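Sequence lines, in order, name chains P, X and E. Per UniProt numbering, the first sequence runs over residues 1 to 157. Per UniProt numbering, the second sequence runs over residues 1 to 150. Per UniProt numbering, the third sequence runs over residues 1 to 789. Note that beta-carbon positions come from the ideal geometry of N, C-alpha and C, so glycine has one too. Predicted model only: the values in this text are computed from it and were never measured.
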Amino acid sequence: MPKISLTVNGKTHTHEVEGRLLLVHYLRDTLGLTGTHVGCDTSSCGACTIHLDGKAIKSCSLLAAQADGSSITTIEGLAPDGELHPLQEGFKEEHGLQCGFCTPGMIMCAADLLSHNPDPSEQEIREGLEGNICRCTGYHNIVRAIQYAAQKSAVAV
Amino acid sequence: MELNGSYILPASTQKIWEMLMNPDTLAKVTPGISRLELESENVYKAIAEVKIGPVSGKFEGKAEVLHPVAAESFTLNVHQNSKIGNVSAHIKMHLKAVSEHETELSFAGKAHMSGLLARTGNRVMSGVANTLTKQFFQNFEDELAAKAEV
Amino acid sequence: MSNKFIGKSVKRVEDKRFITGKGRYTDDIVLPGMTYAYILRSPYAHARIRSIDYSAAEAMQGVVTIMTGEEVGHYGVPCGWQVNFKNGDIMKEPPHPLLVKDKVRHVGDAVAMVVAETRELAQDAAEAIIIDYEVLSAITDASKAVLPGAPLVHDDVPNNICFDWEIGNPKAEVDEAMASAHHVTSLDFVNQRLSPNAMEPRSYIGQYDNVYDKYTLYTSTQNPHLIRLLMCAFVLGLPEHKVRVVGPDVGGGFGSKIYHYTEEALVTLASKKIGRPVKWTETRSEAFQTDAHGRDHVTHAEMGFDAQGNIVGLRIKTFANLGAYLSTFGTAVPTYLHGTLLQGLYTTPKIHLDMTCVFTHTTAVDAYRGAGRPEATFLLERLVDLAALEMGVDPAELRLKNFIPAFDGVTQPGYQTNVALQYDSGNYHSVLERGLEMLGYENFRKEQAEAAKTNKILGVGFSTYIEACGIAPSAVVGSLGARAGLYEVGQVRVQPTGKISVFTGAHSHGQGHETTFAQVVADRLGIPMEDVDIIHGDSDTVAFGMGTYGSRSLAVGGSAIVKSLDKIIEKGAKIAAHKLECSADDIEFKDGKFTVKGTDKSLSFGDIALTAYVPHVYPANLEPGLDFSSFYDPTNFTYPFGCHIAVVEIDKETGFTRVKRFIAVDDVGNVINPMIVDGQIHGGLAQGIGQALFEGVEFDENGQITNGSYMDYTMPRADDLPMFELDRQVTPCPHNPLGVKGAGEAGCIGSTPAVVNAVIDALWSAGHKVKDVRMPMTPERVWKAMQPA
Numbered sequence: 001m002p003k004i005s006l007t008v009n010g011k012t013h014t015h016e017v018e019g020r021l022l023l024v025h026y027l028r029d030t031l032g033l034t035g036t037h038v039g040c041d042t043s044s045c046g047a048c049t050i051h052l053d054g055k056a057i058k059s060c061s062l063l064a065a066q067a068d069g070s071s072i073t074t075i076e077g078l079a080p081d082g083e084l085h086p087l088q089e090g091f092k093e094e095h096g097l098q099c100g101f102c103t104p105g106m107i108m109c110a111a112d113l114l115s116h117n118p119d120p121s122e123q124e125i126r127e128g129l130e131g132n133i134c135r136c137t138g139y140h141n142i143v144r145a146i147q148y149a150a151q152k153s154a155v156a157v
Numbered sequence: 001m002e003l004n005g006s007y008i009l010p011a012s013t014q015k016i017w018e019m020l021m022n023p024d025t026l027a028k029v030t031p032g033i034s035r036l037e038l039e040s041e042n043v044y045k046a047i048a049e050v051k052i053g054p055v056s057g058k059f060e061g062k063a064e065v066l067h068p069v070a071a072e073s074f075t076l077n078v079h080q081n082s083k084i085g086n087v088s089a090h091i092k093m094h095l096k097a098v099s100e101h102e103t104e105l106s107f108a109g110k111a112h113m114s115g116l117l118a119r120t121g122n123r124v125m126s127g128v129a130n131t132l133t134k135q136f137f138q139n140f141e142d143e144l145a146a147k148a149e150v
Numbered sequence: 001m002s003n004k005f006i007g008k009s010v011k012r013v014e015d016k017r018f019i020t021g022k023g024r025y026t027d028d029i030v031l032p033g034m035t036y037a038y039i040l041r042s043p044y045a046h047a048r049i050r051s052i053d054y055s056a057a058e059a060m061q062g063v064v065t066i067m068t069g070e071e072v073g074h075y076g077v078p079c080g081w082q083v084n085f086k087n088g089d090i091m092k093e094p095p096h097p098l099l100v101k102d103k104v105r106h107v108g109d110a111v112a113m114v115v116a117e118t119r120e121l122a123q124d125a126a127e128a129i130i131i132d133y134e135v136l137s138a139i140t141d142a143s144k145a146v147l148p149g150a151p152l153v154h155d156d157v158p159n160n161i162c163f164d165w166e167i168g169n170p171k172a173e174v175d176e177a178m179a180s181a182h183h184v185t186s187l188d189f190v191n192q193r194l195s196p197n198a199m200e201p202r203s204y205i206g207q208y209d210n211v212y213d214k215y216t217l218y219t220s221t222q223n224p225h226l227i228r229l230l231m232c233a234f235v236l237g238l239p240e241h242k243v244r245v246v247g248p249d250v251g252g253g254f255g256s257k258i259y260h261y262t263e264e265a266l267v268t269l270a271s272k273k274i275g276r277p278v279k280w281t282e283t284r285s286e287a288f289q290t291d292a293h294g295r296d297h298v299t300h301a302e303m304g305f306d307a308q309g310n311i312v313g314l315r316i317k318t319f320a321n322l323g324a325y326l327s328t329f330g331t332a333v334p335t336y337l338h339g340t341l342l343q344g345l346y347t348t349p350k351i352h353l354d355m356t357c358v359f360t361h362t363t364a365v366d367a368y369r370g371a372g373r374p375e376a377t378f379l380l381e382r383l384v385d386l387a388a389l390e391m392g393v394d395p396a397e398l399r400l401k402n403f404i405p406a407f408d409g410v411t412q413p414g415y416q417t418n419v420a421l422q423y424d425s426g427n428y429h430s431v432l433e434r435g436l437e438m439l440g441y442e443n444f445r446k447e448q449a450e451a452a453k454t455n456k457i458l459g460v461g462f463s464t465y466i467e468a469c470g471i472a473p474s475a476v477v478g479s480l481g482a483r484a485g486l487y488e489v490g491q492v493r494v495q496p497t498g499k500i501s502v503f504t505g506a507h508s509h510g511q512g513h514e515t516t517f518a519q520v521v522a523d524r525l526g527i528p529m530e531d532v533d534i535i536h537g538d539s540d541t542v543a544f545g546m547g548t549y550g551s552r553s554l555a556v557g558g559s560a561i562v563k564s565l566d567k568i569i570e571k572g573a574k575i576a577a578h579k580l581e582c583s584a585d586d587i588e589f590k591d592g593k594f595t596v597k598g599t600d601k602s603l604s605f606g607d608i609a610l611t612a613y614v615p616h617v618y619p620a621n622l623e624p625g626l627d628f629s630s631f632y633d634p635t636n637f638t639y640p641f642g643c644h645i646a647v648v649e650i651d652k653e654t655g656f657t658r659v660k661r662f663i664a665v666d667d668v669g670n671v672i673n674p675m676i677v678d679g680q681i682h683g684g685l686a687q688g689i690g691q692a693l694f695e696g697v698e699f700d701e702n703g704q705i706t707n708g709s710y711m712d713y714t715m716p717r718a719d720d721l722p723m724f725e726l727d728r729q730v731t732p733c734p735h736n737p738l739g740v741k742g743a744g745e746a747g748c749i750g751s752t753p754a755v756v757n758a759v760i761d762a763l764w765s766a767g768h769k770v771k772d773v774r775m776p777m778t779p780e781r782v783w784k785a786m787q788p789a
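Have a look at this one:
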């Protein structure tokens with residue numbers, strides 16, 4: 001079994017993993033980081049979106065072994081304990097979530113979007129969320145939550 | 001899914017017939033087939049590895065030649081099982097001499113899929129079937145050419 | 001009573017755990033010694049099982065046990081609603097075994113369950129099980145399954161008919177009305193099958209504790225107590241007090257998590273058998289094959305009008321697909337949740353529905369957001385819009401002419417329909433008028449005329465709907481065949497320090513009960529919201545409950561809580577009166593204080609709570625404690641209504657249809673939290689628009705689902721939808737204490753026909769006078785509708 005070593009939310013982990021183990025299952029089952037969800041089996045829903053070396057990826061589309069040596073951020077590590085990232089705050093303020101299942105993936109995807117495009121238009125936000133499915137909100141308030149975070153971050157700068 | 005097509009191969013009907021009835025040749029030219037063993041008369045055990053659109057898998061099953069009329073026609077019944085779903089196909093093959101050295105091989109039939117193949121492969125299946133068919137005839141031609149060189 | 005929270009967009013208290021990744025869904029739960037189940041499913045829609053050989057699988061590494069129909073096939077899940085044939089015969093109710101022994105009846109039918117040390121090992125072993133199938137021909141279309149010679153799903157169900165059913169006026173009267181009509185609009189259409197697609201796949205954990213002889217089932221359900229009742233009383237025969245069912249955080253339901261599924265009973269049985277917890281979580285592919293689907297009606301509908309444009313009659317023939325087995329509420333959806341809504345908002349004097357409910361070799365069909373009511377709204381609203389086009393009159397005018405006049409249900413009686421229901425209160429004209437105003441109707445028609453000359457044509461579609469929610473008065477549904485009561489339970493426990501624990505039988509899986517219910521409690525008691533906790537989803541802590549569906553949580557569950565609050569205030573007044581030395585009648589409770597009327601003598605709610613638990617100075621003959629539980633059984637359904645308007649733009653070259661605007665004016669009665677109600681409407685709209693343009697489960701001729709994944713089944717995504725334009729009107733419900741009607745399904749009920757009507761309107765504006773474009777209205781279908789016949 002391959003041995004991997006990687007940094008997750010600032011902490012280094014070393015494990016022997018089965019070759020076929022998906023990164024998402026490594027995060028959920030081995031590390032107990034269950035904020036990253038599995039919503040499909042075709043890499044289509046985006047519920048498992050995390051950041052790998054600063055970029056949003058779907059953690060179901062990568063083997064744990066492929067993530068060897070990388071640095072990963074999950075929803076649990078997006079903001080320091082007790083604080084909220086502007087996006088987390090935006091989702092709460094604008095009612096951008098209902099059942100909460102797609103939310104971590106949405107937030108991680110949106111964080112990547114805002115890092116490239118700090119002031120996206122409505123259309124750019126909608127296109128940026130192309131890889132993530134939400135069944136509850138109709139996306140209306142997710143768009144507003146991201147606009148809220150963009151505005152808040154702009155003020156902070 | 002409908003399977004239809006025809007192709008002209010540069011050899012006599014007799015030669016084509018012999019090649020079609022030879023499991024080794026058939027295994028060589030059929031895309032994805034890694035092994036073809038004669039089990040009983042006209043019944044082959046077939047093992048294939050195929051990638052179809054987003055799904056790929058190892059297939060195991062049987063191929064059966066029915067109603068063979070030498071150098072003219074036969075029906076091929078294929079039933080393949082795999083982890084990603086099963087395929088059963090019923091295909092009529094016809095050989096027709098175009099000239100002394102040319103044979104038109106035509107086929108018509110239907111294939112049914114189940115499981116993951118049906119669920120996620122269907123959309124791209126006819127495209128895949130076309131590709132596989134093209135490969136089959138290309139391989140057949142290559143095999144003919146190789147034999148001619150010998 | 002205070003007024004600090006009700007009616008305000010209070011931010012949700014449950015959000016924090018979800019936005020930080022700390023939500024706890026069933027699949028997140030890990031128990032010591034846990035094993036994992038994989039279910040081997042039929043790849044065929046219809047086949048006889050000749051043999052199952054699991055000897056090799058059983059010997060594989062990590063396999064704990066393998067179960068087949070031989071072992072558990074005598075257990076089966078029940079149907080919760082009996083509907084009879086027109087002639088009085090009882091519906092056909094074939095068994096739905098936990099695992100199939102003899103014959104598989106749809107793709108995904110469960111044949112064997114492997115339990116192993118890991119999910120992967122279970123799957124490896126399942127793949128080593130050899131099943132010899134004799135493949136049989138299958139039927140998937142309900143209208144064809146009834147024809148002679150169609151393959152039978154159940155050998156003892158002739159013509160695959162589960163039952164036939166009718167509702168409305170006598171058929172002869174409706175025939176007469178239609179015969180005398182000046183104009184009849186008729187339409188044949190398919191209300192296609194949908195997959196609910198809650199984002200969290202179903203997940204269950206069975207855990208048997210041999211010390212206490214107690215079972216625990218963690219389940220992604222909308223109604224834990226209902227699952228416990230069904231599983232104990234009808235499936236496994238377990239003693240109910242020895243079974244705990246927990247519905248932790250649940251990632252959406254939309255109906256699909258109401259039903260008692262076979263896998264819930266399977267993991268329960270398996271955990272007892274092996275003495276370890278057993279977890280099963282479905283894959284999305286399995287969800288497409290096994291989560292109950294919605295809709296699937298094949299309909300012929302006719303609406304008759306007199307020369308003045310008044311509706312004179314409605315006649316409908318529908319075949320409803322139930323799938324291969326009866327799901328928990330599968331039989332109620334096309335009948336009592338559908339036929340009873342065919343009055344719509346109109347004064348139609350004669351209505352008749354002839355319904356045939358049919359078995360096919362497909363996944364079971366049951367309630368999906370709206371459940372029967374979207375199908376009713378669809379056929380009514382399509383007919384009215386099409387009639388307007390055919391008769392050359394304005395579709396909004398035609399509706400206004402035929403609407404039931406406004407009534408408040410208090411000073412004026414409710415409206416008795418021709419299809420059994422009595423509407424509680426309504427003001428239908430004003431929602432449509434408000435919608436037209438938001439649209440800028442006159443201006444739009446000018447824009448449309450201009451656009452008709454270009455490559456991007458425009459259309460507007462209207463839909464005015466009513467739904468029956470707040471399900472439901474037990475006596476009424478009982479007389480109609482429901483095998484359960486549909487009341488709700490609400491317990492309010494005041495702790496000695498004045499903090500409140502509320503136990504509700506409703507279950508929140510996105511609806512925000514932890515917030516809205518707390519708003520109600522905090523205002524009624526005049527205390528801060530932080531002092532209130534809403535507890536739900538655990539049969540060991542919540543006394544009982546019927547769960548969340550049918551837009552019932554606040555109307556029924558909230559009312560049960562209010563009943564308990566009333567009891568608390570009444571008892572609190574007695575305690576206060578004793579301490580303040582007056583009569584209880586002289587005590588007034590306001591802003592968290594019990595005050596002697598007309599004085600400044602008062603005691604706070606906290607003082608009274610403490611006194612109730614430390615009863616040193618206390619009325620004689622009064623029990624200590626401040627803890628009340630109430631059952632609330634509604635006296636009627638609630639009837640939200642509204643007007644939805646879609647504006648679409650169609651690319652003439654490609655048929656690509658874009659929803660440019662979507663306007664929704666809904667009246668859901670009083671509103672506790674506008675932000676949450678708007679959110680519910682948004683989500684419903686997306687699902688309704690999804691049905692119109694994107695979604696639909698497709699089967700091939702062998703009964704294979706050909707789009708059973710997110711690569712093939714088109715889910716609405718962010719860039720498929722516009723920002724929604726919402727407004728609200730409030731006509732309070734006259735028969736529950738909060739005056740609320742329910743908002744969960746409204747968006748999904750009204751929106752689908754609005755989009756289809758808009759596409760048809762656009763096509764007519766460009767001279768393509770088609771009656772229908774089959775849903776989902778893909779670019780190909782819309783493009784074809786624009787080609788010369």
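Query                                                                                                                         : Result
CB of X/L9 within 7 Å of CB of X/L116, strictly                                                                               : no
Close-in-space but distant-in-sequence residues of the same chain around E/M777 (CB under 8 Å, 5 per side omitted)            : T657, A692, L693, V755, V756 and V759
Interfacial residues, the region 704 to 715 of chain E to chain X, with Cβ spacing under 7 Å                                  : Q704, I705, T706, G708, S709, M711 and D712
Every unbroken beta strand (DSSP E) inside the region 75 to 141 of chain E [3 residues or more]                               : 110 to 116 and 130 to 135
In DSSP terms, what P/G19 is bridged to                                                                                       : Its beta-bridge partners do not exist; DSSP assigns none.
Proximity test, E/Y133 beta-carbon vs the ligand ADP heavy atom, cut-off 6 Å                                                  : Although the ligand ADP was asked about, the structure shown includes no ligands whatsoever.
Minimum Cβ-Cβ distance from E/E442 to chain P less than 7 Å                                                                   : no
8 Å contact criterion, which E/T26 and E/T219 should meet: CB distance rounded                                                : 6 Å
Proximal chain E residues relative to X/H112, where beta-carbon distance stays under 9 Å                                      : V135, D700, E701, N702 and Q704
Closer than 7 Å to chain P by CB, E/I561                                                                                      : no
Classification of E/K741 by the beta-carbon crowding that lies within 10 angstroms, buried from 16 upward                     : buried
Beta carbon of E/S327 nearer than 7 Å to that of E/A364                                                                       : yes
Short-range partners of chain C found in the region 71 to 89 of chain X, where Cβ spacing is below 7 Å                        : The chain inventory of the structure shown lacks chain C, comprising the protein chains P, X and E.
Cβ shell of E/Q343 (< 7 Å), same chain only, five flanking positions each side left out                                       : I351, T417, N418 and V419
Beta-carbon neighbours of E/G250, restricted to chain P and to distances below 8 Å                                            : The amino acid occupying residue 250 of chain E in the given sequence is Val; Gly does not appear at that position. C99, listed in chain order.
Cβ of P/E83 within 7 Å of any chain E Cβ                                                                                      : no
Pair within 7 Å by beta-carbon distance, X/F107 and X/M93                                                                     : yes
Runs of alpha helix (DSSP H) lying entirely within the region 9 to 53 of chain E, each at least 4 residues, in chain order    : 15 to 19
Where E/T363 meets chain P, residues with beta-carbon distance less than 9 Å                                                  : Neighbours of E/T363 on chain P: none; closest Cβ ~17 Å, over 9 Å.
Runs of alpha helix (DSSP H) lying entirely within the region 406 to 462 of chain E, each at least 4 residues, in chain order : 428 to 439 and 441 to 451
Pair within 7 Å by beta-carbon distance, E/H183 and E/H361                                                                    : no
CB of E/A301 within 7 Å of CB of E/I316, strictly                                                                             : yes
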